[in-house]
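Residue numbers (the numbering used here): 68 to 498.
Think of the CB as a built atom: it goes at the ideal place given N, C-alpha and C, for glycine as much as any other residue.
These figures come from a predicted structure and were not determined experimentally.
First the structure, in the form of C-alpha cells, and then the observations on it.
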C-alpha cells in the first residue's frame with residue numbers, strides 16, 4: 068500500500084455518544100438530548116440541573132385520586148388512618164391501608180444518572196442525621212427515654228422502607244419549621260417523602276404479625292405526628308375546614324389504638340413494651356387527683372344531652388383530667404398529652420364532627436394542653452387558634468363554658484402548670 072493512498076484515505080465518521088431514547092421522557096431532556104428517567108413531577112436530570120420539568124400531554128395516564136369522603140374509625144376497626152378503607156378481615160388479620168395523597172415525591176441526586184446505583188443522596192443523609200440527632204428527641208413520648216426509642220425506630224426503619232421514608236419526611240417537616248427561609252423547599256420534600264412512604268406501605272398489603280408489628284405501629288405514630296403538625300401549622304383561614312382537618316388528624320391518632328389493641332400480645336413482649344406501659348397509665352381514670360375539670364363536669368351535668376352522648380363526653384373529660392394530672396406530675400416535659408385523642412370514645416368524636424357545643428368545649432379544654440406545649444415545633448399556635456376559633460363559633464351564649472380556656476390565653480393565673488418553666492411565655496399574654 069502506497070503512502071499517498073494511506074494519506075488520502077477518508078477517516079471514519081465520528082459518532083455522537085448515543086442515548087437510549089424514550090417516548091415518554093420530559094420536554095427538557097428531549098431538548099437537551101439526554102436520557103430521562105421519567106420520574107414525576109420532576110425527573111432526576113431536571114432536578115439536578117434545576118430546570119423546569121414538564122411532560123408532553125397524552126403520553127401516559129395518571130390514576131385519578133379518590134374523592135371519597137373519609138370514614139370515621141371504630142375502636143374495633145383495623146385502619147390506621149381516617150382516610151383509610153376498612154376492609155373485611157378475620158379476627159386475626161389486619162390489612163391496613165392509607166390512600167396516597169395527591170403530592171408526588173421529589174428526587175435529589177448528585178450525578179443525575181438514573182442507572183448509577185452508587186449515587187449518594189446527600190439530602191436524605193442530612194434528613195436522617197437530623198432525625199437521629201434532633202427530631203427523635205422532640206417527639207418521644209418520654210424524652211428521658213428518647214435514646215432507646217431512637218434505637219428501636221432506626222432498627223425497624225432499616226427493615227421497613229415505608230417507615231424509613233416517613234422518618235425522613237418528618238425530619239424534613241421539622242427542618243421546614245426551623246428554617247423559615249427554606250420552608251417551601253423542606254415542606255416539599257416532606258410531602259414527597261410522605262407520599263412515597265404511603266405508596267410503599269399500601270403496595271405491601273401487610274398483615275400485622277410478630278415481624279412487622281413494630282414498624283407498622285411506629286409508622287402510624289410518626290404519620291399521626293406529621294398530620295398534626297400539618298394541620299396546626301398550616302394556613303387556617305376557615306374554622307370549618309380546620310376543624311374537619313383536625314378531626315381527621317385525631318382519627319389518625321385513634322387509628323393507632325386499633326393496631327395496638329389488635330397486636331397487643333405481640334407488642335407486649337417487644338421492644339415497644341415501655342410505650343405500652345406508659346399507655347396503660349393514661350388508660351387509668353379511677354385515681355384522678357386534679358380538679359381542673361370539675362367545673363366542666365358540673366356544666367355538663369346540667370346540659371341537655373342524651374344518655375349516650377352524656378356518657379361519651381364524661382369519658383372524654385375523665386381522660387382529659389388524666390392528661391392534666393400527667394402534665395402536672397411531669398411539669399409538661401413529656402408528650403403524653405398526645406394520648407388523649409387515642410383514648411376518647413368514637414361517640415365523642417362523632418359529636419365533635421356534628422359540632423356539638425358541649426363536645427367542642429371539651430376540645431377547647433384539651434387545646435389548653437396544646438397551648439402549654441406551643442414551644443414544641445409540631446404544635447406552635449395550634450392551641451390558641453383552636454380556642455379562639457371555638458369561642459367565635461359558639462358565640463357569647465357559651466362564654467361561661469369557655470371561661471377557663473379563654474382565661475388561659477389572657478394570662479390569668481391557674482393552679483394548673485399551663486406554662487411549664489421549660490416553655491416560653493406567650494408574647495400576647497405576656498405583653
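Burial state of residue 421 (16 or more Cβ within 10 Å): exposed
Considering just the uninterrupted stretch of the alpha helix (DSSP H) at residue 476, what are its terminal residues? 470 to 476
Contact between the stretch 253 to 263 and the stretch 402 to 416 (3+ Cβ pairs under 8 Å): no
Taking contact to mean 3 or more Cβ pairs, one atom from each stretch, closer than 8 Å, check whether the stretch 292 to 301 and the stretch 229 to 247 are in contact. yes
I need the straight-line Cα distance from residue 264 to residue 233, nearest angstrom please. 6 Å
For residue 160, which residues of its own chain have a beta-carbon under 6 Å away from its beta-carbon, when the five flanking residues on both sides are left out? Bear in mind that the predicted position of residue 160 carries a pLDDT of just 39, short of 50, making it unreliable; the figure below should be weighed with that in mind. Correct list, in chain order: 274.
Using the three-state DSSP reduction, which class does residue 110 fall into: helix, strand or coil? coil
Indicate whether residue 313 and residue 453 have their beta-carbon atoms separated by less than 9 Å. yes
Within the same chain, show all residues whose beta-carbon is closer than 7 Å to that of residue 499, passing over the 5 residues directly before and after it, in chain order. Within the shown structure, residues of the chain are numbered from 68 to 498, placing residue 499 beyond reach of any answer.
For the alpha helix (DSSP H) containing residue 269, name the first residue and the last one. 250 to 271
Check this for me: beta carbons of residue 424 and residue 468, under 9 Å apart or not? yes
Residue 200 lies in the alpha helix (DSSP H); which residues open and close that run? Looking at the DSSP string, residue 200 is not in any alpha helix (DSSP H), and its letter there is neither H nor E.
Would you please state the rounded distance, in angstroms, between the beta carbons of residue 429 and residue 384? I believe it to be under 8 Å. 6 Å
Can you tell me whether DSSP reads residue 105 as helix, strand or coil? coil
For the candidate residues 435, 394, 388 and 376, whose alpha-carbon lies nearest to that of residue 414? 376
Residue 403: first and last residue of the uninterrupted alpha helix (DSSP H) it sits in: Unbroken run through residue 403: none, as it is neither H nor E.
Using DSSP with H/G/I as helix, E/B as strand and the rest coil, what is residue 300? helix
Beta-carbon gap between residue 244 and residue 300 smaller than 9 Å: yes
Looking only at its own chain, which residues have a Cβ that is under 8 Å from the Cβ of residue 203, when we skip the five neighbours before and after it? 213, 216, 217 and 220
Outcome for residue 359 when other beta-carbon atoms lying within 10 angstroms are tallied against a minimum of 16: buried
Would you call residue 251 buried or exposed, if buried means 16 or more other Cβ atoms sit within 10 Å of its Cβ? exposed
What whole-angstrom Cβ distance do residue 223 and residue 282 have, given they're in contact under 8 Å? 4 Å
Residue 196 to residue 186, Cα distance in whole Å? 18 Å
Which value, in whole angstroms, describes the spacing of the CA atoms of residue 418 and residue 426? 6 Å
Buried versus exposed, by CB contacts within 10 Å (16 or more), residue 167: With a pLDDT of 39 at residue 167, under the threshold of 50, the predicted position of this residue should be treated as unreliable, though the coordinate-derived value follows. Classification for residue 167: buried.
Determine the DSSP secondary structure at residue 192, reduced to helix, strand or coil. helix
Run through DSSP, which three-state label would residue 214 get? helix
Can you name the start and end residues of the alpha helix (DSSP H) that residue 449 belongs to? 449 to 461
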